[in-house]
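Have a look at the structure below, then the notes.
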Ligand SMILES: Cc1cc2nc3c(=O)[nH]c(=O)nc-3n(C[C@H](O)[C@H](O)[C@H](O)COP(=O)(O)O)c2cc1C
């Protein structure tokens, strides 16, 4: 599966098979994460892999009891070392680049997981304080996302995307004209 195909195929998966995920695949996903672009190449992201049932249960409670958090065999807490990015970029680093870096790495993980036949869900709704305690983050490391990973037990309904609603040419509001080929079904996989 090439990169574009994985991007277009990826959907949030919230039901998982009771089937373990191979350590090698988790390693590939983490490799994709640390190959993401990062501001100044500081690589302030940190990733904590969680498989332990008690820890997963605690994270589930800290994440509004979203069932997929408990069901997924593997969770990855994506965090950023704010001190590392502050040293390089001050407030802009802390307030913006840390989040952008973590988001780029998170998306890489989702795409890599899709290409390996796995399902994922990006979890943003959780208590940062509680998750920090559960996985032992030091004070300067902020948890920014949780990724659930497992073999999918659902096929989400077809996603309707209207690229023309979001994309402009030259100035905001002037429609970008997609070529027929770019938006054709063969490229959409949805
Ligand atoms: C920043 C962010 C936070 C999100 N938080 C959650 C979440 O807490 N729970 C959840 O089920 N999905 C969460 N999602 C997934 C979105 O709901 C999902 O990406 C969106 O509905 C589009 O569906 P798709 O991923 O299948 O394309 C989050 C996505 C992003 C980017």
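Residue numbers (my numbering): 16 to 205. Built from N, CA and C at the ideal position, the CB exists for glycine as well.
(message) Quick check for students: name the residue ranges of the beta strand (DSSP E) that lie wholly in the stretch 31-111, counting only runs of 3 or more.
(response) 60-65, 89-96
(message) Helix, strand or coil, according to DSSP, for residue 170 in the structure here?
(response) coil
(request) Indicate, with yes or no, if ligand 1 has a heavy atom lying under 7 Å from the CB of residue 128. (result) no
(message) Does residue 147 come out as helix, strand or coil in the three-state DSSP assignment?
(response) helix
(request) Select from 190, 192, 120, 165 the residue whose C-alpha is nearest the C-alpha of residue 38. (result) 165
(message) So, with DSSP's three-state summary, where would you put residue 178?
(response) When secondary structure is reduced to three states using DSSP, residue 178 falls in the helix class.
(message) Measuring only from the beta carbon, is residue 149 closer than 7 Å to any heavy atom that is part of ligand 1?
(response) no
(message) Please state whether the Cβ-Cβ distance between residue 172 and residue 135 is less than 8 Å.
(response) no
(request) Tell me residue 157's beta-bridge partners as DSSP assigns them. (result) 95
(message) Under 7 Å: does the beta carbon of residue 173 sit that close to some heavy atom of ligand 1?
(response) no
(message) Would residue 124 and residue 91 qualify as a contact pair, given that the criterion is a beta-carbon distance under 8 Å?
(response) yes
(request) Return the first residue and the last residue of the alpha helix (DSSP H) that residue 22 is part of. (result) 18-24
(request) List in chain order the residues whose CB is within less than 5 Å of at least one heavy atom of ligand 1. (result) Listed along the chain, these residues meet the criterion: 26, 27, 137, 138, 139, 140.
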